[in-house]
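Numbering (the working numbering), first residue to last: 7 to 174.
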């Protein structure tokens, strides 16, 4: 691992979180994206961020990790700037897919980045639902990497699915 983190400290309470750049760095977002896809065996996920500059960078890295997770060819449905409620609606709209929300806050003069992970049920990912496994993969430097170019997924803008006959 080129730039290790204290995974026990950073990956807990349903998220990867810490002071940037001391506790958490952009690479963690890539690792978390790849691990979320592998652990949930997701063909699709939904992601969003809060619009802050640091969040944009972490969001981008998370998306790239997700599309490069082993052989899953995951499609990342990108909501861009959105809140938790909007993300949960999108996750359900997409048929119950996992998701992630990247936020940045300022405290005591420093930035804190938080990547909240959600399971297929739109609930924050618990230890038994996959968070412990994600932490272990990162700790053991076993982050899923792409198998080949054909296994690579794609990132596309989220478009709400409307039932037939629904007004536009």
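Heads up, the beta-carbon is just placed ideally off N, CA and C, and yes, glycines get one too.
- Inter-segment contact for the segment 61 to 79 and the segment 135 to 147 is absent: fewer than three beta-carbon pairs are separated by less than 8 Å.
- Closest in C-alpha terms to residue 75, from the list 107, 151, 165, comes 151.
- Distance from residue 159 to residue 53 at the Cβ level is roughly 12 Å; contact not present, criterion being Cβ atoms closer than 8 Å.
- Partner residues in the beta bridge of residue 121, as assigned by DSSP, are 22, 108.
- Just so you know, the alpha carbons of residue 130 and residue 20 end up roughly 5 Å apart.
- When the five nearest sequence neighbours on each side are left out, the beta carbons in the same chain lying within less than 6 Å of the beta carbon of residue 25 are those of 116, 118, in order along the chain.
- The residues 54, 85, in chain order, have a CB closer than 8 Å to that of residue 92 in the same chain once the five nearest residues on each side in sequence are set aside.
- Secondary structure of residue 86 (DSSP, three-state): strand.
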